[in-house]
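Which chain is which? The protein sequence lines are A and B, in order.
317 is the number of the first residue of the first sequence in the numbering used here; add one for each residue after it.
1452 is the number of the first residue of the second sequence in the numbering used here; add one for each residue after it.
Where is the CB? At the ideal position from N, CA and C, for every residue including glycine.
This structure is a prediction, so every number in the text was calculated from the model and none was measured.
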Amino acid sequence: MNRRELVLGAVGGALALGSSGLAEVLRRRSTFDYDGIEVLGRGVERVTPNDRFYVVTKNLIDPRVDRDRWRLELCGLVEEQRTLDIRALEELRAGEQETTLECISNAVGRGLLSNAVWTGVPLRDLLARARPERGARRVFLHAADGYTHSTSLEKAMEPTTMLVYRMNGEPLPDRHGFPARLIVPGAYGEVSVKWIDRIELVDDDREGYYEKQGWQAQRVHTMSRIDVPAKDGRVRGSVEISGVAFAGDRGISKVEVSTDGGRRWREAAIDYHPSKLTWAHWSLQWDAPRSGTHDLVVRATDGDGEPQTAEEDNSVPDGATGLHRVAVRAEA
Amino acid sequence: MIAGVLAGLSALFASLVLRVAFGVPLPIDLVSDRLLPFVPVEAFVPSLGVVGGPVLAKQLAFYSSFLVLIGLGVSASRGYGRLSRRRLPLLAAAAVVAWVVAVAALWPTLASNYDGAPPGEARILSAAALAVIVALFAVVLDLARRYR
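(1) Tell me, to the nearest whole angstrom, how far the beta carbon of A/Arg454 is from that of A/Leu439; I am working on the premise that it is less than 8 Å.
(2) Pick helix, strand or coil for A/Tyr526, following the three-state DSSP scheme.
(3) If I measure Cβ to Cβ from A/Tyr679 and keep anything under 6 Å in the same chain, skipping five residues before and after, which residues do I get?
(4) Are the C-beta atoms of A/Trp595 and some chain B residue less than 9 Å apart?
(5) A/Asp519 versus chain B: which residues are under 7 Å apart at the beta carbon?
(6) Taking DSSP as the reference, what is the three-state secondary structure of A/Gly328?
(7) List, in order along the chain, the chain A residues whose C-beta lies closer than 7 Å to that of B/Ala1599?
(8) Counting only Cβ pairs nearer than 9 Å, list the residues of chain B close to A/Asp401.
(9) So A/Ala643 contacts chain B; which residues on that side make the cut at Cβ distance below 9 Å?
(10) Count the C-beta pairs between the region 524 to 542 of chain A and the region 553 to 562 of chain A that are closer than 8 Å, then say yes if the count reaches three, no if not.
(11) In chain C, which residues lie with their C-beta within 7 Å of the C-beta of A/Phe348?
(12) With burial defined as no fewer than 16 other Cβ atoms inside 10 Å of the residue's Cβ, what is the status of A/Thr399: buried or exposed?
(13) Tell me whether A/Gly502 is buried or exposed, calling it buried when 16 or more other Cβ atoms sit within 10 Å of its Cβ.
(14) Does B/Pro1478 have its Cβ less than 9 Å from a Cβ in chain A?
(15) My guess is that A/Ala626 and A/Asn422 are in contact by the Cβ rule of under 8 Å, so how many angstroms apart are they, rounded?
(16) Residues of chain B with CB under 7 Å from A/Arg514, in chain order?
(17) What's the gap between the Cα of B/Pro1488 and the Cα of B/Thr1560?
(18) Would you mind stating whether A/Leu479 and A/Leu405 have Cβ atoms separated by less than 9 Å?
(19) Residues of the region 624 to 636 of chain A in Cβ contact with chain B at a cutoff of 9 Å, in chain order, please.
(20) Give the DSSP-derived three-state secondary structure of A/Arg403 in the structure shown.
(21) Kindly list the residues whose CB is nearer than 7 Å to the CB of A/Leu428, restricted to its own chain and excluding five residues on each side of it in sequence; keep chain order.
(22) Looking at the secondary structure, which residues open and close the alpha helix (DSSP H) in which A/Leu593 lies?
(23) Check whether the Cβ of B/Ile1575 lies closer than 9 Å to any Cβ atom in chain A.
(24) With DSSP run on the structure shown, which of helix, strand or coil describes B/Val1471?
(25) Am I right that A/Ser554 and A/Asp603 are in contact with their C-beta atoms under 8 Å? What's the rounded C-beta distance?
(26) Looking at A/Leu593: is its Cβ nearer than 9 Å to the Cβ of A/Thr415?
(27) May I ask you to list the residues that DSSP assigns as paired with A/Arg615?
(28) Could you tell me whether the Cβ of B/Ala1562 comes closer than 9 Å to any Cβ of chain A?
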């Protein structure tokens, strides 16, 4: 190896070292450690702490949006295009709303759903300031990370569709969309765009990131899940069976549990269900037999009286359906 | 080969600096955001399963994109070495074409910025960042081949 090759090798080594240092900085900020965290099992809290709230993101590294630099643009088919900074947003009359979000990829019995108290303003208040034109039909949402999604103008104008900037009393964490995100009750989480920076009113059916792939996220299926006892757990004596149920913005009117694989059903107590927009926590006391394997099954009925479908289907393209079953072994 | 590796490493280093300092999307962010929406969900979900789930897929994409840049450098270096004359003008022309093609192909995704730059500013930043990355790649390729 001659001197020139040595110099080039040294330059290459320095570049490789510098690159690996920067890559490590990004790896530490990456979504690798938290993408797909779930909330399930014993100890599921009624309001999910921010650091345990489920996360599903398209990003390798999520945005860290500069609060002072952030602007929200209301544009498209509006009579008066508006741009707000975070201070202008915070000066508007804010409200709190407890809302559960669920990921469309949440499989039966899994934990990609969580519940939080969000603080912000109804989106319709903002849209009213921009005055939608008569021809506007849909709202196309843009985020800092290039993510997009659409929803109907009708959904956007519902009083529960909110632009929020606080989560459980704290500023939104970066991974949950700081400084502002949308909350769209009734739709799967992918519609509740994080790091939102542009709201565009349109008269066409343009599709966002996951809509182009074919996901259909506008209506959450009624779901229910057994958290306790755990799958393949051993039970003895009087046992509390408990879990959660959720039906988007339709609420839960009834949860039933079977301890014999679905032949007979008993109604569970609903212990927590503050509004139609949240999950219900339910429980049922069961005197377990002294032996045998028992197939516990849960089903819910939404607030409109529509029972949860038992038909098993994976999450593609409009969310999973089917009943959650947990086999347990009884002991004397 | 060393010139190509150096060119690829320079482009990689520049893209990482721009991501850390200015929130400019990495080339893998731009390319995946441009292409993934067109993968039907019926193929998208199983393909994630093949590589062991979304997180492993992301890790694979993140790290393999580094190797792709270095591989591009090696390929470009070989092609550059085969040219017998008008090498520099051809390299400059190739760099300009590469930048124009990249900006045109990635146009919809250039408006993203991970530090929250507004879309218009973000698009200029991303396009400028691509210009820096491509230019650095070409300059280092040429200098390294001359120097060795």
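On the basis of the data shown:
(1) The C-beta distance from A/Arg454 to A/Leu439 rounds to 13 Å, too long to fall under 8 Å, and the pair is not in contact.
(2) A/Tyr526: helix per DSSP, three-state reduction.
(3) Lying outside 317 to 648, the shown extent of chain A, residue 679 of chain A is not represented and no answer is given.
(4) Not a single C-beta of chain B is nearer than 9 Å to the C-beta of A/Trp595.
(5) Within 7 Å Cβ-Cβ: nothing; A/Asp519 doesn't reach chain B, min ~20 Å.
(6) Residue state for A/Gly328 is assigned as helix, using DSSP reduced to three classes.
(7) In the sequence on display, residue 1599 of chain B carries Arg and not Ala. Within chain A, the residues near B/Arg1599 are Arg320, Glu321, Leu324.
(8) None at all; the shortest Cβ gap to chain B is about 11 Å.
(9) For A/Ala643, there are no C-beta contacts with chain B under 9 Å, since the nearest C-beta of that chain is about 25 Å from it.
(10) As far as the Cβ criterion goes, the region 524 to 542 of chain A touches the region 553 to 562 of chain A, which means the pair count is three or higher.
(11) No chain C appears in the structure shown, which is made up of the protein chains A and B.
(12) It counts as exposed.
(13) So A/Gly502 counts as buried.
(14) Not one chain A Cβ lies under 9 Å of B/Pro1478.
(15) Not quite, the Cβ-Cβ distance comes to about 17 Å (not below 8 Å), so this is no contact.
(16) What A/Arg514 touches in chain B: Pro1570.
(17) Approximately 11 Å between the Cα atoms of the pair.
(18) A contact, by the Cβ cut-off of 9 Å.
(19) Listed in sequence order: Asn630, Ser631, Val632, Pro633.
(20) Here DSSP, grouped into helix, strand and coil, assigns A/Arg403 to helix.
(21) Only residues of its own chain outside the window of five on either side were considered, and among them Glu354, Tyr370, Val372, Glu418, Cys419, Ser421, Asn422 have a CB closer than 7 Å to the CB of A/Leu428, listed in chain order.
(22) It is not in any alpha helix (DSSP H) - A/Leu593 carries neither H nor E in the DSSP assignment.
(23) Chain A, which has no Cβ nearer than 9 Å to the Cβ of B/Ile1575, makes this no.
(24) Three-state result, B/Val1471: helix.
(25) Contact holds; Cβ gap of about 6 Å.
(26) Taking 9 Å as the Cβ cut-off, A/Leu593 and A/Thr415 qualify as a contacting pair.
(27) Answer by DSSP bridge pairing, in chain order: A/Glu572.
(28) It does; some Cβ of chain A falls within 9 Å.
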